[in-house]
Every structure is written in structure tokens, then in C-alpha cells.
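A.B. asks: Take this structure, written in C-alpha cells, and hold onto it; I'll ask about it next.
Numbering (the UniProt record's numbering), first residue to last: 1 to 494.
This is the structure:
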């Protein structure tokens, strides 16, 4: 009798401790259900994975070192760091599972995207009504109409025709880059046997409902990694492609001017293929071609603690010393300035009228908290947009050197990711390291669309995108091109 009484009291105390540890938060589980979903299903589309030990990222569930709480099974599981099991439960596997769940959910929502709107209270009928009543001027109406069409873009797979169909099935897209008029797409593909291959896709056939394009191939082959590339206008607009190639083994890196006329069937009859030019510039992180008349036929390269401005015609070079690696560059069109983004987070402009020996060649200085991966100068050249490796996207006023707007939701930790700004449509496009393509309103920073990758999230399969208001030329329709693995997709306006 005494023994059984002691036994029941012992279990009662244990059960009381158990309920005290978990019951104090149990009453809040229903209230916190929405908070637990917000990191995954929020409208801002952030791809930041929540903590693996507490999926909600809050104090609703105690965080026990070495254990993971599964919100579905509502119990703890032990983490197995360094375990040789074929299917261990690790933080990375848990994170991948949550990211894949989010991706599949967004893909399912894509089927109903046509019924969704980017802003509450704005649809086609309300826009027309407000425009007729005089509440919206023509500029504001066009901008909001573009936003509505962007939020309703539908994904279509593009059929690529080539003289070597077997290569299309094995070669994976690494980078794509549309030319000025969006008539061609320069591609860098990773070859299965190793190395890279280049091609040019003609976008003239990119029309509904077929979405069929042709790949113009070239025998030019390199096993070097492409650090950076841009279009170059040497003979005419976008006549060449400027490539920064990484060195391999005993072969140093170089910068190559690749004529687009070298590609099979890409040049007109009687047009002689251009000459390929290489420059001994090892270790280039970035490059930019100048359309400024004060730096005609010149290109720049960003190196480790140095910027080189090279004339293609004369071979003359100007060298500007920096305190950090230059990861991104862009020339201004009217002002004689070259803007540079550094690993240190500094953004500075070089006055091309100053000699490299002088001390006054830095015209503007801005600062980010992390390495700057992309800079884009707006058309009026009074504002500059920059992104960094902390996932921050800022719009800077170059006159006051102050940040005037920030765009939330971009995800980046260490990748060299580009930024696409399209003022005509008033949108900003960026692909995050989480493989999500995000589209913001340029004017107020509103996140308009979050597009998941068709494939599971992988750091090796980050999509490469190109947006244009006229895909395929002057008569083309606006849309977004996305290249991932062996596939090319088009998100066209409905």
C-alpha cells in the first residue's frame, strides 16, 4: 500500500514536470499557428529558412541542443552529426525538406496565379474605374497595369532547336544574357565531359503559342570558368561579347572579345567572321563595356585591388588602385564615370577624365555592409541600385549619397548574383541563392511576384534570367526568360 502510493506520487511529480516544461506553451500553439506558417508562406516570399530546432523561430517550443522538434509529429528527434547512416537526420536535410515543401506549395499556387493580384484593392476593373475618374494619371496607370500583368505571368517551356539535339539534352545552362534589343540570348553551358560551351539563341520565334527558338552553335570551346561577361559594341551594337575567363593550371586567366559573327548561321551572307581578341588580364572578377563617347571602344576589368581601363584600338591602359576586389562595374552613358562595387562593401565612381596618377579620381563613394555583387545605373544617372552578399538591395541617390529605398526579400549569402532593373516597366528582378526569382516594384519596393524554380533548390542550379519589354525584337511581347539545368522557360504576359 505504501509502496504503490509512493510509486504513484513519483510518476505524478514526473508528469507534472513534463507538463510544466511543455504545457506552458501548449495553450499558445493554436495562436502561434499563423506565426509558424509565416516564414514559409508569407507574401514577401523570403526564402530564408527558419531555425531547424524551432520551425517557428519563436519560443513556442523549447530549443533542446542536439534535438529537432518536428511540428507535424509534435515530438523531438535526435540529430545525428557525423553519423554514417545512409539517411541521417541532420540540420541540412531538415532544411532541404522545409525548402522543398515551400517550393512545391508555391508551384501549386502558380496554377492559380492568374487569379492573384500584387496589391490589395487593385485589379483590372478597379484600375480602369480609377483612371476614368481621374484618380490615376497615365504614367501611374501604365505602371500599375504592368504590375498586374507581371503578377499574372504564366510559365511556358521553350522548345530549343539545334543542329546537335543530343548536346541540348546533356549540356546545362550556366548563364544567359540578352542583348540590347532582346533579339538574341548569349548562353554559357556546362558540358558534361567538363568545360564550357557558348551559343547564341535567336529569340525571333519566341511567340505564342509555340515558343520555339533556335540555338546557333560555335566550335569555340573552353574549359575555363567564366567569371563575368557583357555585350560589347565594337563594330556595331552588340557585335562582340566580352568574357572574363579564369586561369587553369599553368595557363593564366584572360579577357576575350568574342565576335558574334563566329557563330554558325548567325551572320548575314557575305559577312566575314570577326577576329577573336584576347588580352592578358589575369584574375578579372568583373567587366564592363563603355558606350560613353569620352571612353570610346574601351572596356574595364575589375581585379584584386585594381581597376583597368583598356582601349581595344590602341591597347592603352589606365590602372586605378583600390583597397578591395572589384566584383561589379558599369559605365555611365553621359557622365564620364565608371561605377565599381567592391568586396569590402564600398561603391565608388572613377572620373575617367582624371589620370591614374592623380588622387582626385574618386567622384562618388557609397557603402554597403557586405560585398557588393551588382550595380545598376538608372537612365537619368541620378540614382544607382546595388545588391550585396547579405541579400540587401538599395536604391541610392547619387546627388545626396543617401539610400532612398530598400527592396526586401532577396536571399544571398556568398554568391555573385546579378540584379536586373527595367525602368520602362518599373520593375526590379533578382534571383536569390534560394533559387527563387523575385520581382519588385521599382517605385515603392513592393514585392510583386515570387517565382519558384521548376527544380528542387540547389546551390548548383540557381536559375539565370533575362527580362525584356520586347522579347524577340521591336514587335515582341514583354516577358521573363529563365534558364535552369537543360531547360529554358518563358513567363509571358497574359
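Even glycine gets a Cβ: it sits at the ideal position worked out from N, Cα and C. In this text the structure is predicted, and so the values were computed from the model without any measurement.
Just to confirm, is the Cβ distance from residue 286 to residue 301 under 8 Å?
C.D. replies: Against a cut-off of 8 Å, the Cβ pair of residue 301 and residue 286 comes out as a contact.
A.B. asks: Buried or exposed: where does residue 475 fall if 16 or more other Cβ atoms within 10 Å of its Cβ makes it buried?
C.D. replies: The residue is exposed, with fewer than 16 neighbouring Cβ atoms inside 10 Å.
A.B. asks: Excluding sequence positions up to five away, which residues of its chain have a Cβ less than 6 Å from the Cβ of residue 270?
C.D. replies: Bear in mind that a pLDDT of 47 at residue 270, under 50, signals an unreliable position, so the number given afterwards is only what the model happens to contain. Here the set comprises nothing.
A.B. asks: Is it true that the region 405-423 meets the region 455-474, where meeting means three or more beta-carbon pairs spaced less than 8 Å apart?
C.D. replies: Contact between the region 405-423 and the region 455-474 is present, because at least three Cβ pairs lie under 8 Å.
A.B. asks: Using three-state DSSP, classify residue 460 as helix, strand or coil.
C.D. replies: Coil, per DSSP.
A.B. asks: Relative to the C-alpha of residue 400, which residue among 436, 433, 375 and 363 is closest?
C.D. replies: The shortest Cα separation from residue 400 among 436, 433, 375 and 363 belongs to 363.
A.B. asks: Which of the three DSSP states is assigned to residue 497 in this structure?
C.D. replies: Because residue 497 is not part of the residues shown, which for the chain are 1 to 494, the question remains open.
A.B. asks: Quick one: which unbroken beta strand (DSSP E) runs of 3-plus residues sit fully inside the region 302-360? Chain order, please.
C.D. replies: Listed in chain order, the complete beta strand (DSSP E) runs (minimum 3 residues) inside the region 302-360 are 306-311, 317-321, 326-331, 337-342 and 346-351.
A.B. asks: Restricting to runs no shorter than 4 residues, where is the alpha helix (DSSP H) found entirely within the region 233-266?
C.D. replies: Runs of the alpha helix (DSSP H) inside the region 233-266: none found.
A.B. asks: Helix or strand or just coil, what does DSSP make of residue 483?
C.D. replies: It is a strand residue.
A.B. asks: Cβ atoms of residue 428 and residue 437: under 8 Å apart, would you say?
C.D. replies: Their beta carbons are not under 8 Å apart, which means residue 437 does not touch residue 428 by this criterion.
A.B. asks: Just the C-alpha distance for residue 171 and residue 189, rounded to the nearest angstrom, thanks.
C.D. replies: Each residue's alpha carbon lies about 6 Å from the other.
A.B. asks: How should residue 410 be labelled, buried or exposed, when 16 other C-beta atoms within 10 angstroms of its C-beta is the threshold for buried?
C.D. replies: Per the 10 Å Cβ criterion, buried.
A.B. asks: Can at least three beta-carbon pairs, one atom from the region 175-188 and one from the region 156-166, be found at a separation below 8 Å?
C.D. replies: No, because fewer than three Cβ pairs between the region 175-188 and the region 156-166 fall closer than 8 Å, the two stretches do not touch.
A.B. asks: Alpha carbon to alpha carbon, what distance is there between residue 307 and residue 344?
C.D. replies: Cα to Cα, residue 344 sits roughly 15 Å from residue 307.
A.B. asks: Express the C-alpha separation of residue 455 and residue 66 in angstroms, rounding to a whole number.
C.D. replies: Each residue's alpha carbon lies about 31 Å from the other.
A.B. asks: The beta strand (DSSP E) with residue 150 in it runs from where to where?
C.D. replies: Counting along the chain, residue 150 falls outside any beta strand (DSSP E), though it belongs to the alpha helix (DSSP H) covering 138-151.
A.B. asks: Nearest CA to the CA of residue 228: which residue from 263, 234, 283 and 211?
C.D. replies: It is 283.
A.B. asks: Evaluate residue 483 with the Cβ neighbour count: other Cβ atoms within 10 Å of its Cβ, from every protein chain shown; 16 or more gives buried, anything less gives exposed.
C.D. replies: With 16 or more Cβ atoms within 10 Å of its Cβ, residue 483 is classed as buried.
A.B. asks: Using the DSSP secondary-structure output, state which residues sit across from residue 386 in a beta bridge.
C.D. replies: Answer is 375 and 394.
A.B. asks: Taking all protein chains shown into account, do 16 or more other C-beta atoms lie within 10 angstroms of the C-beta of residue 414, making it buried, or fewer, making it exposed?
C.D. replies: By the neighbour-count rule (16 or more Cβ atoms within 10 Å), residue 414 is not buried but exposed.
A.B. asks: Return the bridge partner residues of residue 154 from the DSSP annotation.
C.D. replies: Paired residue(s): 492.
A.B. asks: Rounding to the nearest angstrom, what Cα-Cα distance links residue 239 and residue 328 in this structure?
C.D. replies: Their backbone Cα atoms lie some 22 Å apart in a straight line.
A.B. asks: Looking only at its own chain, which residues have a Cβ that is under 7 Å from the Cβ of residue 70, when we skip the five neighbours before and after it?
C.D. replies: Excluding sequence neighbours, residue 70 sits near 77.
A.B. asks: Who pairs with residue 184 in a beta bridge, going by DSSP?
C.D. replies: Answer by DSSP bridge pairing, in chain order: 202.
A.B. asks: Just verifying my parser: in three-state terms, what is the DSSP assignment at residue 474?
C.D. replies: Correct three-state label for residue 474: coil.
A.B. asks: Measuring straight from C-alpha to C-alpha, what distance separates residue 242 and residue 125?
C.D. replies: C-alpha separation (whole angstroms): 47 Å.
A.B. asks: How many whole angstroms separate the CB atoms of residue 339 and residue 295, which I take to be in contact at a CB cut-off of 8 Å?
C.D. replies: The pair is not a contact, with the Cβ atoms about 13 Å apart (cut-off 8 Å).
A.B. asks: Assuming contact is defined by CB atoms lying nearer than 8 Å, are residue 417 and residue 387 in contact in what I supplied?
C.D. replies: Yes, these two residues count as a Cβ contact at 8 Å.
A.B. asks: Could you tell me whether the Cβ atoms of residue 216 and residue 199 are closer together than 8 Å?
C.D. replies: In this structure, residue 199 lies closer than 8 Å to residue 216 by Cβ.
A.B. asks: Tell me the DSSP secondary structure of residue 94 in three-state form.
C.D. replies: DSSP places residue 94 in helix when its eight states are reduced to three.
A.B. asks: Under a three-way DSSP split, which group does residue 42 fall into?
C.D. replies: Note that residue 42 has pLDDT 38, beneath the 50 cutoff, so the model's placement of it is unreliable and no number is given.
A.B. asks: From residue 96 to residue 457, what distance separates their C-alpha atoms?
C.D. replies: Each residue's alpha carbon lies about 8 Å from the other.
A.B. asks: If you draw a straight line from the C-alpha of residue 323 to the C-alpha of residue 254, how long is it?
C.D. replies: About 22 Å.
A.B. asks: Ignore the nearest five residues each way along the sequence and tell me which others in residue 379's own chain have a CB closer than 6 Å to its CB.
C.D. replies: Cβ neighbours of residue 379 beyond the five flanking positions: 423.
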